[in-house]
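A quick write-up on the structure given underneath.
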Amino acid sequence: MKVTFKIWRQENTDAQGELKAYEVDGLSEDMSFLEALDHLNEILVLKDEKVIAFEHDCREGICGQCGVFINGRAHGPHNNTTTCQLHMRSFKEGDTIVVEPWRASSFPIVKDLVVDRSAFDRIIQQGGYITAKTGTAAEANAILVSKEVSDSAMDAAACIGCGACVATCKNASAALFTAAKINHLNKLPQGQPEAHRRLLDMTAQMEFENFGSCTFTGACEIECPADISISNIAEMNARYVKAKLFG
Amino acid sequence: MKLNAKIPEGKLEDKWKNYQAKSHLINPANKKKLKIIVVGSGLAGAGAAATLAELGYEVQCFCYQDSARRAHSVAAQGGINAAKNYQHDGDSVWRMFHDTLKGGDFRSREANTYRLAELSAPLIDHFVQQGVPFAREYGGVLANRSFGGVQVQRTFYARGQTGQQLLLAAYSQLYKMVRAKKVEMLPRHEVLDIVIIDGKAKGVISRNLAKGEIKRFAADAVVLATGGYSRVFRLSTLAIGCNGSAIWKAHKRGAYFAAPSFTQIHPTALPQTSEAQSKLTLMSESLRNDGRIWVPKKKGDKRKAIDIPEAERDYYLERRYPSYGNLAPRDIASRAAKERIDAGHGVGQFKNAVYLDFKHAIQKLGKKVVEDRYGNLFNMYEKITGINAYEEPMKISPAAHFSMGGLWVDYELMTTIPGLYAIGECNYSDHGANRLGANSLLQTSIDGYFILPNTINNYLEGELKAKQYGIDHPEFSKVEDEVREQIKKLLEVNGTRTVDDFHRELGKVMWQECAMSRNRKGLENAIGEIKHIKNEFWKHVKVTGSDNEMNPELEKALRLADFIELAELMCLDALQRDESCGAHFREEYQSEEGEAMRNDEDFAYVSAWEYNAGNFVLHKEKLMFEYVQPTVRSYK
Amino acid sequence: MFFRKSIVAATGLFLCIFLIVHLSANAILLLPETTARELYNSYSTALRENLFITLIAYLLYISIILHVVYAAIITFRNTKSKGEKYKVNHNNKNSTWMSQNMGFLGVFILLFIVVHLANFWAKIKLGIGEDVGVDVNGNVDVYEVTSFLFHNMYFMLFYSVLMIPLGFHLYHGLKSAFMTLGFYHKKGLRLLAKISLAYAIIMSVGFGIIPLFVYFK
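Chains as they are written, first to last, in full-length UniProt numbering: chain A, 1 to 247; chain B, 1 to 636; chain C, 1 to 217.
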């Protein structure tokens, strides 16, 4: 299988970047997209060129490290997948595949396809946890959580933090990411004591990091590999009003 | 040096209490003066860093990923064991201890294994408090499932993403302490060497992976929590970045390496489909709860799975191990699969897989229940293979997975270098020669949250009075120079072969000779080949780009250089152990039915290797079994 | 962020309600001419003379201004948040066109409102331009103004065609406003999407068909 990659190359954050074309032969349909990039990198090494820097780690769709914009879509042509779970069988012989890094001013480019998503960590840092020290827990079954609540908390908790929501959003809004974490914890009884503070602090940080505001285009929930529903954002908004009024 | 495991006095069930009662404490004001480096931010690393910071220590935590949340603990699917006995099915700390010890084929310490079981119940309490959305019953209590190698239901789970949920809990707790300014988090930092001063671990040399900058970091103790090294096989269920470099460097600086050949091959991964494949995706072992494993009775049967009638299917696990059936422990299930595949019954494109069938489960439980239990795994399977597993069986195949082996640690989790600790998968402690499913999340969490924070004080108390060294100490500059030298050498080779090319070659040798079954001749050959690969690597590897920028190729090369050396030691270790135990199966030592034959007379010890200027010296820690008499590990 | 978004949503919803009232009044134009003229003029007189309606009218002006100003601020900030754009972007695969172009649609609607106010509000309330006559009941003959305007082909087309962007804007705007204000019930959201579609169609077709009707009558 032969395709042409057009890949964003950029030396570092401050450098000027550009799309560069690479014709790659010898690919197979069973290869994952990232394996095709591996293959291209091996060719580049043997041609004495620098390899393309791209993010990846677990390659099974859970760590959230991988993520590039492929042919105009976050994580490629399929809904709700990660880049690492995209396979070359999704492309045709002779295709041109444009690969760009996540675009958002809060995600500066580090190099080539690698961006800095530490803004996400700083949002979590502002309250995406339950303030309880190791060793202070009571017997687990002393806290009863109905299956429905637990399941819906789990739905939100499934976020892998890849940043596709921000990348695909025309506003570079981090609302889906932030809402997922807030709702995961605020739905559970364990998260109640600091529910309002968590919500206000995390959303404040989200704004401080310069993420845009949500206008409900719905693109994020289509691209989200963890299937996080956009209703999470609406729920966050509802909780925000409550927190402002009663927090 | 004589190995001292420092097992505390007293009865088995009192040892941990006795230890805690007697260990040295440090008052809060003094804890602030002590600095601890934690390498790795998985469940062990993040748990330890957060807890140590809560206790008052100054902590620096390193990870090579862009965020602590990516550590490979995230990928554990099935669950975490705990002796809660919520199911009222006869479980207890004792039974869990016994299962783990037996599962490990009696190659771990009784005291360590008991402590693992003992601390499992409070760990579940801890994670529930941290907001982990564990599966629940309708009444609101926690749910359980069963897992390979045991006959009770003691596994707690959060869908098929238990590792992710636990890691996110640890990660958020870690960032809580970052906010409190008690932890400095250093993502995209790879630790390339350990600095030892006066025989004690006093710091690390690290490379900033985004910028290439090499820096020194000093501390009063160094904790390695770097995970497993099964990427030595190249194709494994591990993340691409997982590596053994930090522990290998520690080993070369004096830490003993224990049982490096004990690596677990997981029975339920997706089969390899191409030469360019970079990783094998794991399908959770929990699938074996309801799925049935089989191969066609006829060799090379070309029919589709659904066209093969029941009478012509060989449910070989149920046939060979009637009491455990499809839930036989991993090593046994993997080997049984290999046996069938080697005998020509393999299925799939490369005849390298077996079927995992849910037909009966769907008939019995209904599609809804199966979907509820394994929905995300079925989705994942379809994403990768394009096959709907509700309609036809999955194809699965064994893959390199967990490394039981690791740095030798004593009861306090300290390596043979004072002040250097190893926690989680990178140490050799509780699993013996084979780890039971859902015990990995348990061990790594307990090491980080509960054990290390209660043992490190015993050492650090002494460090308060000891002489303090900073990064200006000559040893720091010496180690830094060595790191720079190695990088320079790598970049200067400018050969003709890529790093991946060498890694593929190494992986093939290791998979062939040092994986599911091993023999003397093969291992001896492998050692020769590995030495050859090492030679070739340093002569012909090509790494482009420079060292003062983000350079993924250089990162890979540095990791592979260490893997090659580690591979040799793994083979040496497998060679010296003239018995079959757990994941270590030596073809020379098997019964007529092909079952493993352990030799407690001569091999009831932990092998601990000392590095001595390019040579490896074997030390033995004799294992004493006071409470459980080793028996033949039968799952028949 | 929440404040600005909520303002846009709340004012938007208020304007949505206003549109219903407006359309029901416009529907009078579909009646036979004599009945329509009388009813239409007396209705508009009643509105002008009612103090409560006058207050609502001011609220309406404020709403429009706030809606436009805050939407503009949000759009400006969001564009800045996004920074550099993709070379290739197939966002039509993951979202509707209108959701991606609310600002663009809004500009047309704003243009419409300006012209619309110049045609009616300026004429009738401010008395700019030619004098407006009265009908048999002595009410200001707003019907005549309307009818005259819609018999001009360009205005007729302007008033009809610009209802298309309005429809798109309303379809996304209505459901989005509900979510912004915290409506998150999952089944409710599915119903909301249907209601939004129905509402948008009724409004755009309803408003759009009247000039055509008057023109061709």
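A virtual CB, placed ideally from N, CA and C, is assigned to each residue, including glycine. Quick caveat, the model's predicted, so the values are computed rather than measured.
A direct Cα-to-Cα measurement between R109(B) and D430(B) gives close to 7 angstroms. Closest option to N551(B), judged by alpha-carbon separation, among M31(A), R59(A), F5(A) and E49(A): E49(A).
In the three-state reduction of the DSSP assignment, C581(B) falls in the strand class. Pairing V142(C) with F120(C) gives a Cβ-Cβ distance under 9 angstroms. Within chain A, not a single residue places a beta-carbon under 8 angstroms from that of K508(B); the smallest gap is close to 17 angstroms. As for any alpha helix (DSSP H) of minimum length 4 sitting wholly inside the segment 94 to 166 of chain A, the runs are 118 to 125 and 147 to 157, ordered along the chain.
In chain order, S213 make up the part of chain A whose C-beta sits under 7 angstroms from the C-beta of I74(C). With respect to chain A, the C-beta atom of K176(B) has a partner C-beta closer than 9 angstroms. DSSP places E23(A) in the strand class (E or B) of the three-state scheme. When secondary structure is reduced to three states using DSSP, Q60(B) falls in the strand class. Between the segment 454 to 462 of chain B and the segment 167 to 183 of chain B there are fewer than three C-beta pairs closer than 8 angstroms, too few to call the two in contact. In terms of beta-carbon proximity, R4(C) lines the interface with chain A, with at least one pair separated by less than 9 angstroms.
Here V145(C) has N119, F120, K123, I124 and V132 as same chain residues with Cβ atoms under 8 angstroms from its own Cβ, once five neighbours each way along the sequence are excluded.
In the pairwise beta carbon analysis, the segment 99 to 106 of chain A is classified as not touching the segment 136 to 155 of chain B: fewer than three pairs are separated by under 8 angstroms. An exposed status is given to G386(B), since fewer than 16 other beta-carbon atoms sit within 10 Å of its beta-carbon. Distances from the alpha-carbon of A142(A) to those of L192(B), Y86(B), G90(B) and L116(B) put Y86(B) closest. Taking 8 angstroms as the upper bound for CB-CB distance, N71(A) and I52(A) are not in contact here, some 17 angstroms apart. At least 9 angstroms separates the beta-carbon of D30(A) from that of S230(B). When C-beta distances to chain A are compared with 9 angstroms, the residues of the segment 490 to 504 of chain B below that value are N494, T496, R497, T498, V499, D500 and D501, in chain order.
Taking every protein chain shown into account, the CB of Y58(C) has fewer than 16 other CB atoms within 10 angstroms, so this residue is exposed.
In chain order, G148, T268, N326 and L327 place their CB closer than 7 angstroms to the CB of R288(B), counting only its own chain and leaving out the 5 sequence neighbours on each side. Taking a beta-carbon distance threshold of 9 angstroms, G78(B) does not count as an interface residue toward chain A. Each residue's CA atom was taken as its position, placing G188(C) and A238(A) some 14 angstroms apart. Within the segment 438 to 474 of chain B, the runs of alpha helix (DSSP H) that reach at least 4 residues and sit entirely inside it are, in chain order, 440 to 445 and 452 to 465. Around the beta-carbon of E592(B), fewer than 16 other beta-carbon atoms lie within 10 Å, marking it exposed. Listed along chain A are R59 and E60, each with a C-beta nearer than 8 angstroms to that of T281(B). In the three-state reduction of the DSSP assignment, L192(B) falls in the strand class. From the listed residues S92(B), K35(B), A143(B) and F106(B), the smallest Cα separation to M624(B) is found for F106(B).
Each residue's CA atom was taken as its position, placing A140(A) and A82(B) some 11 angstroms apart. Secondary structure at M1(A): coil, using DSSP grouped into helix, strand and coil.
DSSP links Y605(B) through a beta bridge to K622(B).
Residues of the segment 10 to 42 of chain A with a Cβ closer than 7 angstroms to any Cβ of chain C, in chain order: L19.
The C-beta distance from L413(B) to I451(B) rounds to 6 angstroms, short enough to meet the 8 angstroms contact threshold. L442(B) is positioned such that its CB atom lies closer than 9 angstroms to that of L123(B). Per DSSP, the continuous alpha helix (DSSP H) segment holding T178(A) begins and ends at A175 to K187.
At a cut-off of 9 angstroms between beta carbons, L188(A) contacts chain B.
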